[in-house]
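2 protein chains.
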Amino acid sequence: MTDALKIALLGHGVVGSQVVRLLDEQADDLAARIGAPLELAGVAVRRPARHADVPAHLLTTDAAELVARDDVDIVVELVGGIEPVRGLLLSALESGKSVVSANKALLADDGATLHDAAARARVDLYYEAAVAGAIPLLRPLRESLAGDRINRVMGIVNGTTNLILSRMDATGAGFDEALAEATALGYAEADPSADVDGYDAAAKAAILAGLAFHTRVGMSDVFREGIGDVTAADMASARAMGCTVKLLAICERRVDDNGVERVAVRAHPAMIPRSHPLASVGDAFNAVFVEAEAAGSLMFYGRGAGGAPTASAVLGDLVAVARNRVSGSRGAGESAYAQLPIQGMGEVTTRYHVALDVNDEPGVLAGAAQAFAEQGVSIQTVRQEGRGDAATLVLVTHGASDASLDVTVQKLAQMPFVRRAASVMRVEGMGGD
Amino acid sequence: MTDALKIALLGHGVVGSQVVRLLDEQADDLAARIGAPLELAGVAVRRPARHADVPAHLLTTDAAELVARDDVDIVVELVGGIEPVRGLLLSALESGKSVVSANKALLADDGATLHDAAARARVDLYYEAAVAGAIPLLRPLRESLAGDRINRVMGIVNGTTNLILSRMDATGAGFDEALAEATALGYAEADPSADVDGYDAAAKAAILAGLAFHTRVGMSDVFREGIGDVTAADMASARAMGCTVKLLAICERRVDDNGVERVAVRAHPAMIPRSHPLASVGDAFNAVFVEAEAAGSLMFYGRGAGGAPTASAVLGDLVAVARNRVSGSRGAGESAYAQLPIQGMGEVTTRYHVALDVNDEPGVLAGAAQAFAEQGVSIQTVRQEGRGDAATLVLVTHGASDASLDVTVQKLAQMPFVRRAASVMRVEGMGGD
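Respectively, the protein sequence lines represent chains A and B.
Numbering-wise, our numbering puts 184 at position 184 of the first sequence, and it's gapless, one number per residue.
Here our numbering runs 433 ahead of the position in the second sequence, where the first position is 1.
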């Protein structure tokens with residue numbers, strides 16, 4: 001056994017307190033697995049009085065001083081947000097400390113700067129807990145599939161929105177009602193916009209795409225759409241065609257007409273068939289599909305959030321980073337050699353579900369079909385619902401580009417028989433095109 | 434870029450030829466990810482004439498000489514079986530070569546010797562492809578969950594038997610018929626006993642248990658039962674209670690009445706509820722559940738066999754091992770510090786489904802219930818099927834030890850009203866006890 005490795009913990013909330021508990025309860029096992037004991041050097045918090053369960057001599061409000069201490073080997077960051085964390089982690093890495101972080105926003109916003117600092121200092125920067133909580137996902141992408149060619153990653157990576165959509169599906173509730181329920185259950189934050197508006201899922205998509213495609217992907221590269229506009233009517237419409245609605249993070253490698261490889265990364269609500277394995281992922285669970293050339297389809301499923309599950313991922317990284325320090329080595333660093341260009345959302349092709357409130361008169365279908373045909377958008381199914389004032393035309397397209405679908409919908413809105421384009425939603429997981 | 438890393442490939446069958454193809458097709462990507470190109474030093478085969486697609490100068494029948502070559506850095510073993518592979522891999526490790534293997538039989542039979550040799554030479558021994566083909570499973574257990582406490586691993590890890598049982602379930606076919614079908618489809622070997630008799634699943638269970646519990650587990654520690662005795666009647670009986678039959682590998686950490694932790698490892702057919710996610714894993718797919726204290730339940734799903742999927746896992750290991758050689762380090766080695774004792778199957782508790790052919794007369798249920806009660810086995814449900822000569826009593830127990838169930842069944846067989854103990858099968862995945 002070598003000397004104890006000292007850990008600076010930044011943040012002591014739901015996840016941090018579980019990390020402290022597990023460090024204590026599993027101390028002997030962790031030491032045996034690492035070859036050295038782990039020891040808390042300090043815990044940086046904003047209000048020490050609220051953390052009476054941590055020995056007082058470990059608590060500090062000065063995170064910068066804690067990170068700068070010479071005896072600290074590893075910094076575990078569970079604070080979240082961009083500033084001041086970015087500066088703290090940069091100075092930790094620059095002074096030769098390894099970093100374990102669960103901060104998806106920072107990694108998606110400026111992972112490149114952190115990775116560069118880690119590479120220069122020859123230390124580790126691990127962040128398994130930043131995506132899909134307890135589910136081992138980043139390590140499999142970075143290491144297990146390092147000899148394969150990943151074509152697609154698609155998954156449910158935000159538990160709060162999945163809970164809301166699951167409730168809307170199960171009870172027929174509208175978005176506001178389901179959000180209120182999630183808030184009451186403690187699943188939604190007081191300000192739910194990071195989840196509901198898709199920022200959280202988009203940040204995770206950026207991280208996943210970076211690993212899958214060996215390309216730096218930032219938040220500005222990700223197309224994002226939240227679930228705030230998903231209505232009870234959309235959910236009913238999805239049900240009518242054997243689907244449900246999920247907020248999906250989707251990372252794809254696509255070859256364009258000129259044979260150029262590009263990467264498309266997006267996070268938005270989409271209808272998926274009920275028979276698709278992602279459709280039955282309920283409540284606060286996460287699940288991610290990975291399609292690789294040789295491996296085929298893989299699925300990873302588990303708890304995407306919560307104190308203990310997230311702490312499990314943090315501790316897995318902590319053991320890996322600590323083992324590396326004991327053996328004087330470094331794990332796999334950033335791999336961004338490919339630097340594939342990003343495909344704009346306008347060029348991304350998916351299927352669409354389009355519902356139009358129409359006049360109940362002859363020629364409506366012919367007129368609508370003509371509008372789609374003019375933009376080269378091919379229709380897979382058409383269904384007319386209701387009669388008279390309640391007549392609705394529901395169309396599902398084959399794969400079409402976002403841009404041509406946009407133009408089609410604009411043209412449709414101007415047609416005399418269309419009263420309103422009631423809903424436009426992407427459809428995923430149907431296979432084929 | 435450093436000099437090329439040279440690879441000795443042992444075996445060039447279904448998996449080996451895919452490894453050669455991917456090494457060639459992905460050469461640039463692999464070099465970029467590793468920081469050095471990979472180069473085939475040679476391919477050892479038994480009959481060179483059958484491998485015309487490999488450049489002749491690379492082919493050799495002398496595996497020992499290939500492994501001994503000074504310029505070889507990494508040995509990839511895809512031959513299978515215990516001898517002569519054990520000796521080849523030992524001498525590779527002893528001479529400082531890293532080893533990537535897909536050989537579950539050897540790892541389960543004598544992994545300890547190989548791990549010791551790898552540790553002494555400070556080189557890597559990786560074998561992700563040995564269990565569940567393309568599914569990243571061993572690395573998550575060894576690394577991602579290294580900070581957690583795994584309590585249970587349960588999964589479908591043999592595609593051939595899963596195909597046979599899926600066919601029996603779907604068509605009502607008997608075992609022999611379904612086996613013949615699997616053989617015709619090329620899914621079952623000419624000698625199917627390694628799969629059908631559960632040896633393959635047992636070897637994988639041993640490997641999984643070793644990683645999950647930081648304990649050396651060998652083949653002799655694993656309780657094993659094949660699927661050859663599963664009848665169409667068993668399958669119908671499973672269906673009648675909302676279940677199907679799967680061959681499961683199960684690794685558990687259990688605390689006995691004296692508070693002593695022990696490990697129970699088994700591979701046998703079992704009924705599981707159709708609502709259980711493993712029930713819908715069809716054909717040649719694999720899926721594994723992992724239950725950890727902090728992480729909760731995780732599931733991993735994908736292709737468990739086949740040339741390309743298995744080659745994906747081999748190449749993932751190859752990249753990891755090669756990266757380590759480039760950086761002069763070594764990945765996580767064997768972790769067997771816990772050395773928990775193995776629990777004998779007699780003490781392992783599970784639920785049981787017991788079907789008895791009985792005389793259709795009063796007092797049968799009372800008599801049978803008495804036999805269970807005498808052994809302390811508690812009954813959850815009882816169902817009587819048929820009348821007259823076709824009367825069958827079907828009982829499902831609460832959790833009971835294998836030993837007390839055995840005695841119960843022996844006693845029942847001697848009772849005057851029992852014509853035959855038609856079937857006894859374990860029931861898993863029902864939750865509770």
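For each residue, glycine too, the CB sits at the ideal point set by N, CA and C.
Here the structure is a predicted model, which means the values were calculated and not measured.
Please report the Cβ distance between residue i and residue j, rounded to the nearest whole angstrom; I am assuming they are in contact, meaning their Cβ atoms lie under 8 Å.
| i | j | result |
| --- | --- | --- |
| A:Tyr-352 | A:Ala-308 | Wrong, their Cβ atoms sit about 40 Å apart, outside the cutoff. |
| A:Ile-156 | A:Lys-246 | 6 Å |
| A:Leu-40 | A:Leu-9 | 6 Å |
| B:Ala-788 | B:Ala-855 | 4 Å |
| B:Met-778 | B:Arg-695 | Contact flag wrong, Cβ pair sits at about 12 Å. |
Any idea what DSSP makes of residue i, helix, strand or coil?
| i | result |
| --- | --- |
| A:Lys-6 | strand |
| B:Ala-394 | Residue 394 of chain B is absent from the structure shown; chain B starts at 434 and stops at 866. |
| A:Met-241 | coil |
| B:Pro-569 | coil |
| A:Leu-340 | coil |
| A:Leu-93 | helix |
| A:Pro-273 | strand |
| A:Ala-287 | strand |
| B:Phe-805 | helix |
| B:Met-863 | coil |
| B:Gln-813 | strand |
| B:Gln-827 | A quick correction: the sequence has Val, not Gln, at residue 827 of chain B. B:Val-827 falls in the strand class under three-state DSSP. |
| A:Ile-250 | strand |
| A:Ser-329 | coil |
| A:Ser-166 | helix |
| A:Ser-280 | helix |
| A:Gly-81 | coil |
| B:Ala-755 | helix |
| B:Phe-850 | coil |
| A:His-51 | coil |
| B:Ser-768 | coil |
| A:Val-123 | coil |
| B:Leu-492 | strand |
According to the neighbour-count rule (16 or more other Cβ atoms, all chains shown, within 10 Å of its Cβ), is residue i buried or exposed?
| i | result |
| --- | --- |
| A:Ser-335 | buried |
| B:Tyr-770 | exposed |
| B:Arg-657 | buried |
| A:Asn-286 | buried |
| A:Gly-386 | exposed |
| A:Leu-185 | exposed |
| B:Glu-622 | exposed |
| B:Val-752 | buried |
| B:Gln-451 | buried |
| B:Thr-782 | buried |
| A:Asp-433 | At A:Asp-433, the pLDDT of 43 sits below 50, so the modelled position is not reliable; the number obtained from the coordinates is stated separately. Under this definition A:Asp-433 is an exposed residue. |
| A:His-51 | buried |
| A:Gln-370 | exposed |
| A:Leu-71 | Reading off the sequence, residue 71 of chain A comes out as Asp, not Leu. By the 10 Å Cβ count, A:Asp-71 comes out exposed. |
| A:Asp-221 | buried |
Note the first and the last residue of the continuous beta strand (DSSP E) segment covering residue i.
| i | result |
| --- | --- |
| B:Arg-649 | Neither: B:Arg-649 is in no beta strand (DSSP E) and is coded neither H nor E. |
| B:Ser-534 | 531–534 |
| A:His-353 | 349–358 |
| A:Arg-387 | From DSSP, A:Arg-387 is part of no beta strand (DSSP E); its letter is neither H nor E. |
| A:Val-153 | 150–156 |
| A:Val-43 | 38–44 |
| B:Arg-657 | 655–657 |
Do residue i and residue j have their C-beta atoms within less than 7 Å of each other?
| i | j | result |
| --- | --- | --- |
| B:Asp-557 | B:Val-754 | yes |
| A:Ala-201 | A:Asn-162 | no |
| B:Asp-506 | B:Arg-758 | yes |
| B:Leu-681 | B:Leu-574 | no |
| B:Glu-405 | B:Ala-550 | Absent from the structure is residue 405 of chain B, since the part of chain B shown begins at 434 and ends at 866. |
| B:Met-848 | B:Gly-809 | no |
| A:Gly-302 | A:Ile-150 | no |
| A:Leu-66 | A:Arg-86 | no |
| A:Ala-108 | A:Val-99 | no |
Just curious, the alpha helix (DSSP H) that residue i is in, first and last residue?
| i | result |
| --- | --- |
| A:Arg-33 | 27–34 |
| A:Leu-298 | No alpha helix (DSSP H) contains A:Leu-298, which is instead part of the beta strand (DSSP E) from 296–303. |
| A:Asp-70 | Run containing A:Asp-70: none; DSSP gives neither H nor E here. |
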